[in-house]
Amino acid sequence: MTRLEELLTTWIPTQRWFAGKGVAVDALRIEATHVLVPGVPGLRILVVAVAQNGRTDRYQVLLGLRAPDAIADELAHAVIGVCDSPADLRDLPSVVVYDATHDASMTAYLLDAIAEDRDDGAVRFRSAPGSTVHTGLRSLVLTGEQSNTTLVYGEEYVLKTFRRLWPGRNPDLELTSALARVGSEYIARPHGWIETDVVDPETGRTTPTTLAMLQQYLRSATDGWVLAATSVRDLYASPDLLPGEAGGDFAGEAHRLGAATAAVHRDLARVLPTDVLSPEAQARLADDMAARLHVAVAEVPELASHARTLYAAFEALGNMDADLPVQRVHGDYHLGQVVRTDSGWVLLDFEGEPAVPVRERQKLSSPLRDVAGMLRSFDYAARYQLVGRTDNSALVATARAWAQRNREAFCEGYAFGGGVDPEKHQMVLRAFEYDKAVYEVMYEARHRPHWISIPLDSIMALTG
Ligand SMILES: Nc1ncnc2c1ncn2[C@@H]1O[C@H](COP(=O)(O)OP(=O)(O)O)[C@@H](O)[C@H]1O
Ligand SMILES: [Mg+2]
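Offset between the sequence shown (1-based) and the working numbering: plus 1082.
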């Protein structure tokens, strides 16, 4: 018969949230099993350690268990396989295991437990201070996501289950909670969370670690990326127009988004630590950027002709005389992380880069790093529809004009909303933009070579 570990070794690498795609799994170990609903139908939370190429990553699996003849058709797509029963299920020789996020009869348990602030063995369910969580809502898995799995309960809550686990409180929960405490109108209100203790392999310490976050579901939300892409498409349909003349002009939204971003940065600086980078730390930041460029140039020779300008921009940041204020920031900011609701822009997904340990993500950074992330995203929105189009040369100027107009609007909105004026901090902003574009070049070279022209063209345009 088959062991659960064997099934998971085949199944996990096929999941969208698996970060180690394309690299063989050397070993897989179930580090922790938390039985939430015993027996069958049953529910367990597993912490699974996956070793690949000398490194180990941890993932959360919400595992459903049923008798092999008792799996409904509508769960067929979620089935992982049939394996030996776990030791505590003696009367069944085998069970069918499946991804329980797709089973509303099981996910109801999670919402109930949060509402009741339940302690379930080593798993702690908590509702946020001041929140009364409503139960009895059916969940559906939100589709189209990348790094995590989000459930929508009724039209009221989303439960974001973090797939890749790093020891520590997830910055998404930490920052969203901090912003909620000061009444920020630019976030989806947090209503609770699920956590357990994970031993941090670096320190050997037992560390409370976030498994999931319950948040207000934003019914009227439209993805920022979708809105921007629609505006670009509209402009491409009438390329004789200037971006400001087209019906789908995005600049008003970009301005409001800039102001919302500034408000969130201001609140973060108010409630969480801030600092000013020492000249040494500033030099280290610039050195890190230069080191990433060095690696990228070796991998993507087309970068070489621009390397000198890029290095010079990083060096200028390293030698800059002015203070560089730092604070907690979003950390992975782009158009796919913001949604437009009836009442304005809302920022989502404050977890930072899921590939980086929580400790690293807690480090303070310049808010201009987020600004640069969004500006790069405008560039992507403007250019990605041109990839592979033979008639693209005529539209390149249009793409640039769209990106430029919305870039200016965002920066103006950011200054208007009380952030530092990005236009007055060009040296810092440019270094962050270049650094991001260099990262994109590497990313595209490795994962989406047909998109590499997007960041390469931007670097060409930015470096003149
Ligand atoms: N509170 C919410 N209300 C409505 N939609 C949401 C909410 N949270 C997330 N979403 C949708 O799910 C997508 C992914 O959420 P996100 O938190 O960015 O997850 P991931 O870490 O997987 O990127 C968002 O872009 C948005 O479309
Ligand atoms: Mg996201």
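From the three backbone atoms N, C-alpha and C, an ideal C-beta is built for every residue, glycine too.
Please read all numbers here as calculations on a predicted model, not as lab measurements.
Handout entry: Sequence-distant residues of the same chain with beta carbon closer than 6 Å to D1424, five excluded per side
Key = The count along the sequence shown starts at 1 and reaches residue 1424 at position 342. So the qualifying residues of the chain are S1302.
Practice task
Grab me the residues of G1124's own chain with a C-beta within less than 6 Å of its C-beta, minus the 5 sequence neighbours each way, in chain order.
Solution key: In the sequence shown, counting from the first residue as 1, residue 1124 sits at position 42. Answer for G1124: L1147, listed in chain order.
Handout entry: For A1341 and G1426, the rounded distance between their alpha carbons
Key = What you label residue 1426 is simply residue 344 of the sequence shown in a count that begins at 1. What you label residue 1341 is simply residue 259 of the sequence shown in a count that begins at 1. Near 11 Å, if we compare the C-alpha coordinates of A1341 and G1426.
Practice task
Please go through the stretch 1397-1450 and give each complete beta strand (DSSP E) segment of 3 or more residues, from N-terminal end onward.
Solution key: 1407-1409, 1420-1423 and 1426-1429
Handout entry: Member of V1379, A1133, S1387 and Y1415 whose CA lies at the smallest distance from the CA of F1514
Key = Locating residue 1514 in the sequence shown gives position 432, where the first residue counts as 1. The shortest Cα separation from F1514 among V1379, A1133, S1387 and Y1415 belongs to Y1415.
Handout entry: the stretch 1198-1216 touching the stretch 1146-1164, judged by at least three CB pairs closer than 8 Å
Key = no
Practice task
Look at the Cβ atom of R1458, then the Cβ atom of V1411, and state whether they are nearer than 8 Å.
Solution key: The count along the sequence shown starts at 1 and reaches residue 1458 at position 376. The count along the sequence shown starts at 1 and reaches residue 1411 at position 329. Result no, Cβ atoms of R1458 and V1411 do not sit closer than 8 Å.
Practice task
May I ask you to list the residues that DSSP assigns as paired with G1274?
Solution key: If you number the sequence shown from 1, residue 1274 lands on position 192. Answer by DSSP bridge pairing, in chain order: S1209 and L1296.
Handout entry: 3 or more residues per run - each beta strand (DSSP E) lying fully within the stretch 1209-1242
Key = 1221-1223 and 1231-1235
Handout entry: Three-state class that DSSP yields for E1198 in the structure shown
Key = Reading the sequence shown from its first residue, position 116 is the one you call residue 1198. Coil.
Problem - Buried versus exposed, by CB contacts within 10 Å (16 or more), V1469 - result: Sequence index remark: in the sequence shown, residue 1469 carries index 387 (1-based). V1469 should be labelled exposed.
Problem - Supposed contact pair W1093 and E1229 - C-beta distance, whole angstroms, cut 8 Å - result: As a working mapping, residue 1229 is identified with position 147 in the sequence shown. As a working mapping, residue 1093 is identified with position 11 in the sequence shown. The question names Glu, yet the displayed sequence has Ser at residue 1229. At roughly 17 Å, the Cβ-Cβ gap does not stay under 8 Å, so S1229 and W1093 are not in contact.
Practice task
Please find out if some non-hydrogen atom of ligand 4 comes closer than 7 Å to the beta-carbon of S1229.
Solution key: Ligand 4 is not part of this structure, which contains only ligand 1 and ligand 2.
Exercise for the section: Spell out a yes or no on whether the stretch 1327-1338 and the stretch 1348-1360 are touching, meaning 3 or more CB-CB pairs, one atom from each, closer than 8 Å. Expected result: no
Handout entry: Cβ-Cβ separation, L1144 to T1243 (assumed contact under 8 Å), whole Å
Key = To locate residue 1243, count along the sequence shown from 1; it is residue 161. To locate residue 1144, count along the sequence shown from 1; it is residue 62. With 8 Å as the limit, T1243 and L1144 qualify as a contact, their Cβ atoms being about 7 Å apart.
Problem - Same chain only: Cβ atoms within 7 Å of R1489, ignoring 5 sequence neighbours per side - result: Locating residue 1489 in the sequence shown gives position 407, where the first residue counts as 1. L1457 and F1460.
Practice task
Pick out whichever of A1437, L1399, E1442 and G1413 has its Cα sitting closest to the Cα of L1429.
Solution key: The residue labelled residue 1429 in the question sits at position 347 within the sequence shown. Nearest C-alpha to L1429: G1413.
Practice task
Could you tell me whether the stretch 1281-1300 touches the stretch 1231-1251, using the rule of 3 or more Cβ pairs below 8 Å?
Solution key: yes
Practice task
Count the other C-beta atoms from every protein chain shown that fall within 10 angstroms of the C-beta of K1518, then say buried if there are 16 or more, exposed otherwise.
Solution key: Taking the first residue of the sequence shown as position 1, residue 1518 is located at position 436. Buried.
Problem - Check: T1312 C-beta below 7 Å from any heavy atom of ligand 1 - result: Residue numbering aside, residue 1312 sits at position 230 when the sequence shown is read from its first letter. No, the beta carbon of T1312 sits no closer than 7 Å to any heavy atom of ligand 1.
Problem - Sufficient close CB pairs (3 or more, under 8 Å) joining the stretch 1377-1386 to the stretch 1516-1534 - result: yes
Practice task
Determine the closest residue to D1194 out of L1317, L1219, D1181 and A1210, with distance taken between C-alpha atoms.
Solution key: As a first step, residue 1194 must be located in the sequence shown, where it is residue number 112. With distances taken between Cα atoms, D1194 lies closest to L1219.
Handout entry: Secondary structure of V1510, DSSP reduced to three states
Key = The count along the sequence shown starts at 1 and reaches residue 1510 at position 428. Here V1510 sits in helix by DSSP.
Problem - beta strand (DSSP E) segment containing L1255, residue limits - result: In the sequence shown, counting from the first residue as 1, residue 1255 sits at position 173. Looking at the DSSP string, L1255 is not in any beta strand (DSSP E); the run it does join, the alpha helix (DSSP H), is P1253 to R1263.
Practice task
Might you give, ordered along the chain, the residues of its own chain that have their beta carbon closer than 6 Å to the beta carbon of S1221, omitting 5 neighbours on each side?
Solution key: In the sequence shown, the residue the question calls residue 1221 occupies position 139. Contacts found: A1186, T1189, L1233 and Y1235.
Exercise for the section: Measuring only between beta-carbons, confirm whether A1210 sits less than 8 Å from chain D. Expected result: This model lacks chain D altogether, as it is built from one protein chain only.
Practice task
Kindly list the residues whose CB is nearer than 8 Å to the CB of H1507, restricted to its own chain and excluding five residues on each side of it in sequence; keep chain order.
Solution key: By one-based count along the sequence shown, residue 1507 stands at place 425. Hits under 8 Å: L1450.
Problem - R1287 beta carbon less than 8 Å from that of D1139 - result: For the purposes of this step, residue 1139 is taken as the residue at position 57 of the sequence shown. For the purposes of this step, residue 1287 is taken as the residue at position 205 of the sequence shown. Not closer than 8 Å, so no.
Exercise for the section: Kindly examine ligand 2 and report whether one of its heavy atoms sits closer than 7 Å to the Cβ of M1501. Expected result: The residue labelled residue 1501 in the question sits at position 419 within the sequence shown. It should be noted that the sequence gives Gly, not Met, for residue 1501. Checking the Cβ of G1501 against ligand 2 gives no.
Problem - Extent of the continuous alpha helix (DSSP H) to which L1544 belongs - result: For the purposes of this step, residue 1544 is taken as the residue at position 462 of the sequence shown. L1544 -> alpha helix (DSSP H) spans S1535 to T1545.
Practice task
Using alpha carbons as the reference points, say which of D1405, D1403 and M1371 lies closest to T1391.
Solution key: Within the sequence shown, numbered from 1, the residue matching residue 1391 stands at position 309. Looking at the Cα atoms, M1371 is the closest of the given residues.
Exercise for the section: May I ask whether a heavy atom of ligand 2 can be found less than 7 Å away from the beta carbon of Q1419? Expected result: Counting from 1 along the sequence shown, the entry for residue 1419 is found at position 337. Yes, ligand 2 has a heavy atom inside 7 Å of this Cβ.
Exercise for the section: In the DSSP assignment, find the unbroken alpha helix (DSSP H) run with D1349 in it and report its ends. Expected result: Taking the first residue of the sequence shown as position 1, residue 1349 is located at position 267. It spans A1333 to V1353 - the alpha helix (DSSP H) in which D1349 sits, taken as one unbroken run.
Practice task
Give every residue of the same chain whose Cβ lies closer than 7 Å to the Cβ of A1454, excluding the five residues on either side of it in the sequence, and list them in chain order.
Solution key: Here the question's residue 1454 lines up with position 372 in the sequence shown. For A1454, where only same-chain residues beyond five positions count, the Cβ hits under 7 Å are L1511, F1514, E1515 and K1518.
Practice task
Could you please give the first and the last residue of the uninterrupted beta strand (DSSP E) stretch that includes Q1553?
Solution key: The chain is shown only over 1083 to 1546; residue 1553 falls outside these bounds and no answer can be derived.
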